[in-house]
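Visitor:
Pasting the structure below:
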């Protein structure tokens, strides 16, 4: 189990490194094409500032976007005690607890580190889960906190946004005035290469984001199972989520990867851009873990 967690963390580092290389390559290419490397420097500095802003502000935004409301112990003692017990077991600070008034069966965690973490669950999911299933779901979310998955998600989200924004700006500049010395411009092939790059860059970025998110879901499932010592609780909860539907009323693609199951309508092409692994596969893995405990 621990070897799987270590392997997933290592692969995530490689994937994020791929993001950084992609952003650096785009910035460098822009400097070459426009014969001005201040563009490269400016793009890299702007990217760093954007990621920094996302790092400190995205948690509050994610909660607001999804209509999550903070609760106290008196508002829902069962949920509060479940989260509190798991925090004690994991040796973590008590996160803030939120409920989303939504019939969709879903939950998510956010926050840049365990000291600034929050967990949220929909009213629909809270109503259908028994105590063991609720513990399984919350253990999964607390695992995201413990493993610093949310920090990774925040950084990845910022990097994906940067790639998309940068590619869009590059396209507009290329089409509406890039190189003013048209007569001496022999960079036709370079221009075509640039067009290909800015088309493929957001696609590659989305693929990397999806891969990171899917790996992190498996990691959180495994970590949660280690905490509760009862993988069947989460497996049973996932079965209910599959049967009842995880789609939420508020559709927000920027925070979809945070949820325990896909909250968006429709399915991605060939599953390539799905931020969540197949629920049946997750259930199968959890039950195989249960047989080993």
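In the numbering used here, the protein residues as written are 4 to 296. For every residue, glycine included, the Cβ atom is placed at its ideal position computed from N, Cα and C. Because the structure is a prediction, the values reported are computed rather than measured.
Find out if the Cβ-Cβ distance for the pair residue 139, residue 108 is shorter than 8 Å.
Guide: In the chain shown, counting from the first residue as 1, residue 139 sits at position 136. In the chain shown, counting from the first residue as 1, residue 108 sits at position 105. The answer is no: Cβ separation not under 8 Å.
Visitor: Taking the continuous beta strand (DSSP E) assigned at residue 43, which residues delimit it?
Guide: Within the chain shown, the letter at position 40 stands for residue 43. Careful: residue 43 lies outside any beta strand (DSSP E), inside the alpha helix (DSSP H) at 40 to 68.
Visitor: Check the DSSP bridge columns for residue 111 and list the partner residues they point to.
Guide: Within the chain shown, residue 111 is the residue found at index 108, counting from 1. DSSP, once it has assigned bridges, lists 123 and 262 as partnering residue 111.
Visitor: Beta carbon of residue 230: closer than 7 Å to some heavy atom of the ligand MG?
Guide: For the ligand MG, the structure offers nothing, since it holds no ligand at all.
Visitor: Strictly by DSSP, which residues pair up with residue 141?
Guide: Here residue 141 refers to the residue found at position 138 when the chain shown is read from its first residue. None, per the DSSP bridge assignment.
Visitor: How is the beta strand (DSSP E) around residue 99 delimited, first residue to last?
Guide: Your numbering for residue 99 matches position 96 in the chain shown. Residue 99 -> beta strand (DSSP E) spans 99 to 103.
Visitor: Spatial neighbours of residue 113 within its chain, please: C-beta separation below 7 Å, excluding the five flanking residues on both sides.
Guide: Here residue 113 refers to the residue found at position 110 when the chain shown is read from its first residue. The residues are 62, 65, 66, 121, 153 and 261.
Visitor: Spatial neighbours of residue 258 within its chain, please: C-beta separation below 7 Å, excluding the five flanking residues on both sides.
Guide: For the purposes of this step, residue 258 is taken as the residue at position 255 of the chain shown. Hits under 7 Å: 65, 68 and 69.
Visitor: Please check the pair residue 71 and residue 103, which I expect to be a contact at CB under 8 Å, by giving their CB distance rounded to whole angstroms.
Guide: Against the chain shown, residue 71 aligns to sequence position 68. Against the chain shown, residue 103 aligns to sequence position 100. Between residue 103 and residue 71 the Cβ distance is about 5 Å, and since that is below 8 Å, they are a contact.
Visitor: Out of 80, 245 and 236, which has the shortest C-alpha to C-alpha gap to residue 137?
Guide: Residue 137 sits at position 134 when you count from the first residue of the chain shown. Ranking the options by Cα distance to residue 137, first place goes to 236.
Visitor: How would you write the range of the alpha helix (DSSP H) that residue 243 sits in, first residue to last?
Guide: Taking the chain shown and counting its residues from 1, one reaches residue 243 at position 240. Taken as a continuous stretch (DSSP letters only), the alpha helix (DSSP H) holding residue 243 covers 234 to 247.
Visitor: Assign residue 97 to one of two classes, buried (16 or more other C-beta atoms within 10 Å of its C-beta) or exposed (fewer than that).
Guide: Residue numbering aside, residue 97 sits at position 94 when the chain shown is read from its first letter. Classification of residue 97: exposed, given that the 10 Å Cβ count is below 16.
Visitor: State yes or no: is the C-beta of residue 292 within less than 8 Å of the C-beta of residue 234?
Guide: For the purposes of this step, residue 292 is taken as residue 289 along the chain shown, with counting starting at 1. For the purposes of this step, residue 234 is taken as residue 231 along the chain shown, with counting starting at 1. For residue 292 and residue 234, yes; Cβs fall inside 8 Å.
Visitor: Note the first and the last residue of the continuous beta strand (DSSP E) segment covering residue 72.
Guide: Within the chain shown, residue 72 is the residue found at index 69, counting from 1. Per DSSP, residue 72 belongs to the beta strand (DSSP E) from 71 to 73.
Visitor: So the candidates are 25, 227 and 16; which of them puts its Cα closest to the Cα of residue 162?
Guide: Sequence index remark: in the chain shown, residue 162 carries index 159 (1-based). Here the closest residue by C-alpha is 25.
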